[in-house]
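Sequential numbering of the sequence shown, starting at 35, is according to the numbering used here. Cβ atoms here follow ideal geometry from the backbone N, Cα and C, with glycine treated the same way.
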Amino acid sequence: QAGSDALATRTTAKLSADGQTYVLNGQKMWITNGAKAHFYTVFARIVDPDGSEHFSAFLIERTFAGVSTGHEEKKMGIKGSSTCAVFLDNVAVPAANLLGEKGRGHIIAFNILNVGRLKLGPFAVGGAKNVLALSAKYAKERKAFHTTIAEFGVIQHKLAEMCTRIYAAESISYRTVGLVESQLTNFSWDQPDAAQREMKAFEEFAAECSIVKVYASEMLDYVVDEGVQIHGGYGYHQDYAVERAYRDSRINRIFEGTNEINRLLTTGMLLKRAMRGQLGLVKAAQAVTAEILSGPSADFDSEDAPFAEETRIVANAKKIALMALGLAFQKFMTELEKQQEVLSGLADIIMDVFAMESALLRARKTQAAPESQAADMTQLIVRDGMAHLEVAARDLLGACSEGDSLKTNMAVLRRFARYEPVNSVALRRRIARRVLLAERYVAA
Numbered sequence: 035q036a037g038s039d040a041l042a043t044r045t046t047a048k049l050s051a052d053g054q055t056y057v058l059n060g061q062k063m064w065i066t067n068g069a070k071a072h073f074y075t076v077f078a079r080i081v082d083p084d085g086s087e088h089f090s091a092f093l094i095e096r097t098f099a100g101v102s103t104g105h106e107e108k109k110m111g112i113k114g115s116s117t118c119a120v121f122l123d124n125v126a127v128p129a130a131n132l133l134g135e136k137g138r139g140h141i142i143a144f145n146i147l148n149v150g151r152l153k154l155g156p157f158a159v160g161g162a163k164n165v166l167a168l169s170a171k172y173a174k175e176r177k178a179f180h181t182t183i184a185e186f187g188v189i190q191h192k193l194a195e196m197c198t199r200i201y202a203a204e205s206i207s208y209r210t211v212g213l214v215e216s217q218l219t220n221f222s223w224d225q226p227d228a229a230q231r232e233m234k235a236f237e238e239f240a241a242e243c244s245i246v247k248v249y250a251s252e253m254l255d256y257v258v259d260e261g262v263q264i265h266g267g268y269g270y271h272q273d274y275a276v277e278r279a280y281r282d283s284r285i286n287r288i289f290e291g292t293n294e295i296n297r298l299l300t301t302g303m304l305l306k307r308a309m310r311g312q313l314g315l316v317k318a319a320q321a322v323t324a325e326i327l328s329g330p331s332a333d334f335d336s337e338d339a340p341f342a343e344e345t346r347i348v349a350n351a352k353k354i355a356l357m358a359l360g361l362a363f364q365k366f367m368t369e370l371e372k373q374q375e376v377l378s379g380l381a382d383i384i385m386d387v388f389a390m391e392s393a394l395l396r397a398r399k400t401q402a403a404p405e406s407q408a409a410d411m412t413q414l415i416v417r418d419g420m421a422h423l424e425v426a427a428r429d430l431l432g433a434c435s436e437g438d439s440l441k442t443n444m445a446v447l448r449r450f451a452r453y454e455p456v457n458s459v460a461l462r463r464r465i466a467r468r469v470l471l472a473e474r475y476v477a478a
């Protein structure tokens, strides 16, 4: 019943007088496979005799007396999965079924969420690839005005944009997987501290897991929407797979914590890590301030280096993010956590920077050749990302400064946000042609 507020569970657990069992009472909503599962991990508040409460996790079997399930929920999408409520009515649970330590259930809950958010990225990417393939095939078959709609520039634009956004989401997903794996060198479940090591690795990159969840779910929503549009009236018909994909996609922005909550978490976790000295945001922000005062810097790759302009744009995007973070913190200080609109705007900037850099790093690592699919998409991702984050930064500057200070900050923003445009029409046409030829997602 707590929804995205994972620690606000109303389910209670009270230890019996003999200390052998906990008696649980409560209700759990929206439980996937709740009517089919034989084993549940349940979070509850242990209530001590003195009234103190301890958020904890329990292992509960379906056969325990007092466990029951509600009716199957009638959902908009994901109809192939069972979803129902689970009721706990004076359920006696052996004390040995306490999972982990009393009062430490939040560690398990947050780790489950981090894993789920990260997994959602590749899931969304896979679903989007399928819709792109269906859309490309349909565009080549559907005829209008004496030609296939695949020949229409506006359809090619849609296909190219779908492919490009998939590439960006795929890049941040696997980059984050790599970051987590980098913390698990020589990892084995045979190690006595295996569970702790895994949880610590995910906790270290919890902000990135939230970014993956938000970015990928919103990418998928865009792709399925355009998929329906390419199919026209048939896309609205249940006989075509894109209709189902459209409905199934919508839940991804809600479960594993709503995208709004994950935006707040992204900025909040980064700021907390910075205040604990685990992230060098303060020094980085000071370096940006020093650069602003000293004038433009020429410390970039030579113009002949691969992706030189993209590298410069990403570097400046980071400076915009640091400037925005610094101004927001100076304006609101400890009250910043109450400024949800500001935190959400900062998260959008951070996500754009992460996607831009991830696509660029991927293209450089794979040594993408000029005019290759990866190179074309990277140019678009970096420039569109800068254009998008500049809008968010303008809003933030207006919320965090005024008067002469605002004018100065806007001048700095314009300086950092400048970039050399490319022929995006030509890039998208090339990207779309490759997709249409292969009738599927093309990354290289």
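| Closest Cα partner of Val214 within the set Phe77, Asp338, Asp273 and Leu152 | Here the closest residue by C-alpha is Leu152.
| C-alpha gap between Gly60 and Glu405, whole angstroms | So the alpha carbons of these two residues sit roughly 59 Å apart.
| query | Which residue comes first and which comes last in the beta strand (DSSP E) that contains Gln364? | reply | No beta strand (DSSP E) contains Gln364, which is instead part of the alpha helix (DSSP H) from Ala342 to Phe366.
| query | What number of angstroms, rounded off, separates the C-alpha of Arg341 from the C-alpha of Pro455? | reply | Correcting the residue identity first, residue 341 is Phe in this sequence and not Arg. If you take the alpha carbons of Phe341 and Pro455, they lie about 13 Å apart.
| How long is the line joining the alpha carbons of Ile285 and Lys317, rounded to whole angstroms? | Approximately 39 Å between the Cα atoms of the pair.
| request: Quick one: grab the DSSP three-state call for His105. | output: His105 falls in the coil class under three-state DSSP.
| said: Using 8 Å as the cut-off, can you tell me whether the stretch 125-134 makes contact with the stretch 294-302, which would need three or more C-beta pairs spanning the two stretches below that distance? | reply: As far as the Cβ criterion goes, the stretch 125-134 does not touch the stretch 294-302, which means the pair count is below three.
| message | Would Glu107 and Thr97 be called neighbours here (beta carbons separated by less than 8 Å)? | response | Annotated as distal: Glu107 and Thr97, with beta-carbon spacing of 8 Å or more.
| said: So Val257 and Leu166 are supposed to be a Cβ contact under 8 Å. How far apart are they, rounded? | reply: Between Val257 and Leu166 the beta-carbon gap is near 6 Å, inside 8 Å, which marks them as a contact.
| said: Is the beta carbon of Glu424 closer than 8 Å to that of Leu447? | reply: Taking the C-beta atoms as reference points, Glu424 is found nearer than 8 Å to Leu447.
| task | Taking only the alpha-carbon atoms, compute the straight-line gap between Gly302 and Leu471 and give it to the nearest angstrom. | result | Roughly 44 Å separates the two Cα atoms.
| query | What is the DSSP secondary structure of Ile112, counted as helix, strand or coil? | reply | When DSSP states are grouped into helix, strand and coil, Ile112 belongs to the coil group.
| request: Kindly list the residues whose CB is nearer than 6 Å to the CB of Ser169, restricted to its own chain and excluding five residues on each side of it in sequence; keep chain order. | output: Taking Ser169 as the centre and dropping the five residues before and after it, the same chain places the C-beta of Gly261 and Ile264 closer than 6 Å to its C-beta, in chain order.
| field | Entirely enclosed alpha helix (DSSP H) segments - the stretch 196-278, minimum 4 residues | value | Along the length of the stretch 196-278, whole alpha helix (DSSP H) runs at least 4 residues long occupy 228-238 and 240-265, reported in chain order.
| field | Complete beta strand (DSSP E) runs within the stretch 152-179 (minimum length 3 residues, chain order) | value | None, since the stretch 152-179 contains no complete beta strand (DSSP E) of that length.
| Run through DSSP, which three-state label would Thr182 get? | Residue state, collapsed to three classes: strand.
| said: So Gln190 and Arg462 are supposed to be a Cβ contact under 8 Å. How far apart are they, rounded? | reply: Gln190 to Arg462, Cβ: 6 Å. Contact.
| Which class does Glu424 belong to by DSSP, given the choice of helix, strand or coil? | Per DSSP, reduced to three states, the secondary structure at Glu424 is helical.
| field | Outcome for Lys62 when other beta-carbon atoms lying within 10 angstroms are tallied against a minimum of 16 | value | That one is buried.
| task | Classify Arg79 as buried or exposed, calling it buried when 16 or more other Cβ atoms lie within 10 Å of its own Cβ. | result | Buried, because 16 or more other Cβ atoms sit within 10 Å of the Cβ of Arg79.
| task | Give every residue of the same chain whose Cβ lies closer than 7 Å to the Cβ of Gln374, excluding the five residues on either side of it in the sequence, and list them in chain order. | result | Excluding its 5 nearest sequence neighbours in each direction, Gln374 has C-beta neighbours in its own chain below 7 Å: Leu298, listed in chain order.
| What three-state label does DSSP hand Glu87 in the structure shown? | Assignment of Glu87 by DSSP, reduced to helix, strand and coil, places it in the strand class.
| task | Assign Asp52 to buried or exposed, taking buried as 16 or more other Cβ atoms, counted over all protein chains shown, within 10 Å of its Cβ. | result | Exposed, because fewer than 16 other Cβ atoms sit within 10 Å of the Cβ of Asp52.
| task | Work out the CA separation of Phe121 and Ala451 for me, nearest whole Å. | result | The straight-line gap from Cα to Cα measures roughly 54 Å.
| For Ala250 versus Leu361, is the C-beta spacing smaller than 8 Å? | Taking 8 Å as the cut-off, the Cβ atoms of Ala250 and Leu361 do not count as close.
| message | Can you tell me whether Thr46 is helix, strand or coil according to DSSP? | response | Three-state result, Thr46: strand.
| query | Nearest to Glu391 by CA position, among Ala351, Leu356 and Lys372, is which residue? | reply | The residue among Ala351, Leu356 and Lys372 with its C-alpha nearest the C-alpha of Glu391 is Ala351.
| Selection from Arg464, Leu356 and Lys48 that minimises the alpha carbon distance to Asp84 | When only C-alpha atoms are compared, the closest one is Lys48.
| query | Between Gln93 and Gln401, what straight-line distance do the alpha-carbon atoms span, to the nearest angstrom? | reply | It should be noted that the sequence gives Leu, not Gln, for residue 93. If you draw a straight line from the Cα of Leu93 to the Cα of Gln401, it comes to about 49 Å.
| field | For Lys136, the three-state DSSP class (helix, strand or coil) | value | In this structure, DSSP gives Lys136 a state outside helix and strand, which the three-state scheme calls coil.
| said: Give me, in chain order, the residues of the same chain whose beta-carbon lies closer than 7 Å to that of Gln407; leave out the 5 immediate sequence neighbours on both sides. | reply: Close CB contacts of Gln407 within its chain, under the 7 Å cut and outside five residues either way in sequence, are with Ile465, Arg468, Val476, Ala477 and Ala478 (chain order).
| For Glu95, the three-state DSSP class (helix, strand or coil) | The answer is strand: DSSP assigns Glu95 an E or B state.
| request: Give the straight-line distance between the Cα atoms of Lys247 and Ala426, rounded to the nearest whole angstrom. | output: The alpha-carbon atoms of Lys247 and Ala426 are separated by roughly 20 Å.
| query | Given a threshold of 16 other Cβ atoms within 10 Å of its Cβ, counted over all protein chains shown, does Arg7 qualify as buried or as exposed? | reply | Nothing in the structure corresponds to residue 7, since the chain is present only between 35 and 478.
| query | For Thr198 versus Leu414, is the C-beta spacing smaller than 8 Å? | reply | Taking 8 Å as the cut-off, the beta carbon of Thr198 is found closer than this to the beta carbon of Leu414.
| Helix, strand or coil for Gly60 per DSSP? | In the three-state DSSP reduction, Gly60 falls in the strand class (E or B).
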